[in-house]
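Peer 1: Got a structure here, written out as structure tokens. Questions coming.
Residue numbers (this note's numbering): 6 to 315.
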């Protein structure tokens, strides 16, 4: 499939250049756009996490994709990360129409895991509000016990010492880690945070046990109103990283406030279900080749078409 990918610097903070990759099909027509946000616990990951198979699906459906980096914790705290999200959105709506021919009035936000969390933050943090949100195994509560106490799942892995954890991070603020997946040394810091139950403190800079109200601005589930954008939630019910209940609780909050939404439960699937094979079906294809995943993405495309078609 022929498409272009252009890298831009959408902002600079001191010596940190923060980049975005813009994917689009050839031609000069104005297209609706997807602001895409990678996962990695806000600690690791980068804009190149965008799965090529999924990117082609969005491009074929007529969307331009803007995949962004943002500053990473613990060197940058959550307010700075959210500032990057707002600035990326402002950049898309400002220079974006001229630079890469997008319609500034038709933008959806899509994110996976921590990117799903930032997607849900977009529902009240970005102005004007995006037209639609799609959260893959995201979360609306960052102060709950699942994040503020040691994770039973990650505690089964070899313990990461504080010394080893801090080798992977440094004093200099960065945007987007240069490694991918398990090879990323920053993942050890994330693993340390989950094993110790200190992720909220390391990322947000507050302790949920002593400062619970400090998390109000950073928990989408506490900020849902009737003005929240239409939202699609997708989550595996066997997720051992982000509990499935996080999407259930977010769906309940949307329901209480009369917000258009839908929760797609991927039965038998865990975290990252869209790229990993179904563990209950050994040898079966993964990604969009898996019929259940393909069906879920058909719903995603229908949802985007419904809310970005204007």
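Where is the CB? At the ideal position from N, CA and C, for every residue including glycine.
Note that the coordinates shown come from a computational prediction; the quantities given were computed from them, not determined experimentally.
How many Å lie between residue 81 and residue 168 at the Cα?
Peer 2: So the alpha carbons of these two residues sit roughly 19 Å apart.
Peer 1: Going by alpha carbons, who is nearest to residue 192 out of 212, 166 and 209?
Peer 2: Of the listed residues, the one whose Cα sits closest to residue 192 is 166.
Peer 1: Can you check which of these residues, 308, 189 and 278, is closest to residue 143 by C-alpha distance?
Peer 2: Residue 278 is the option with its Cα nearest to residue 143.
Peer 1: Are the CB atoms of residue 83 and residue 208 nearer to each other than 9 Å?
Peer 2: Closer than 9 Å, so yes.
Peer 1: Taking all protein chains shown into account, decide if residue 225 is buried (16 or more other Cβ within 10 angstroms of its Cβ) or exposed.
Peer 2: Residue 225 is buried by the Cβ-count criterion.
Peer 1: For residue 68, count the other beta carbons within 10 Å of its own beta carbon; 16 or more makes it buried, fewer makes it exposed. Which is it?
Peer 2: Buried: at least 16 other Cβ atoms inside 10 Å.
Peer 1: For residue 241, which three-state DSSP category applies?
Peer 2: Residue 241: strand per DSSP, three-state reduction.
Peer 1: Suppose you measure from the CA of residue 85 to the CA of residue 76; what does that come to, to the nearest Å?
Peer 2: Going from the Cα of residue 85 to the Cα of residue 76 covers about 7 Å.
Peer 1: Going along the chain, which residues of its own chain have a beta-carbon closer than 6 Å to the beta-carbon of residue 380, five neighbours each way excluded?
Peer 2: It is not possible to answer for residue 380, since the shown part of the chain is limited to 6 through 315.
Peer 1: What distance in whole Å lies between the Cβ atoms of residue 13 and residue 24, which are believed to be in contact at a cut-off of 8 Å?
Peer 2: Right, the Cβ-Cβ distance comes to about 7 Å (below 8 Å), so this counts as a contact.
Peer 1: To the nearest angstrom, how far is the alpha carbon of residue 74 from that of residue 122?
Peer 2: Those two C-alpha atoms are separated by around 15 Å.
Peer 1: Roughly how far, in whole angstroms, is the beta-carbon of residue 233 from the beta-carbon of residue 259, given that I think they are within contact range, below 8 Å?
Peer 2: Rounded, the Cβ-Cβ distance is 7 Å, consistent with contact.
Peer 1: Judging by CA-CA distance, which residue of 270, 271, 295 and 272 is the nearest neighbour of residue 282?
Peer 2: Of the candidates 270, 271, 295 and 272, the one whose C-alpha sits nearest the C-alpha of residue 282 is 295.
Peer 1: With residue 31 and residue 9 assumed to form a contact (beta carbons below 8 Å), what rounded beta-carbon distance in angstroms separates them?
Peer 2: Indeed, because the Cβ distance is near 7 Å, the residues count as touching under 8 Å.
Peer 1: Helix, strand or coil: which one does DSSP assign to residue 37?
Peer 2: DSSP places residue 37 in strand when its eight states are reduced to three.
Peer 1: Measure from the alpha carbon of residue 197 to the alpha carbon of each residue in 229, 153 and 182, then state which is nearest.
Peer 2: Cα-wise, what sits closest to residue 197 is 153.
Peer 1: Which residue wins for smallest C-alpha separation from residue 157, given the options 229, 246 and 184?
Peer 2: Selected option, being the one with the closest Cα: 246.
Peer 1: Could you tell me which residues DSSP pairs with residue 117 in its beta bridges?
Peer 2: In DSSP, residue 117 forms a bridge with 141.
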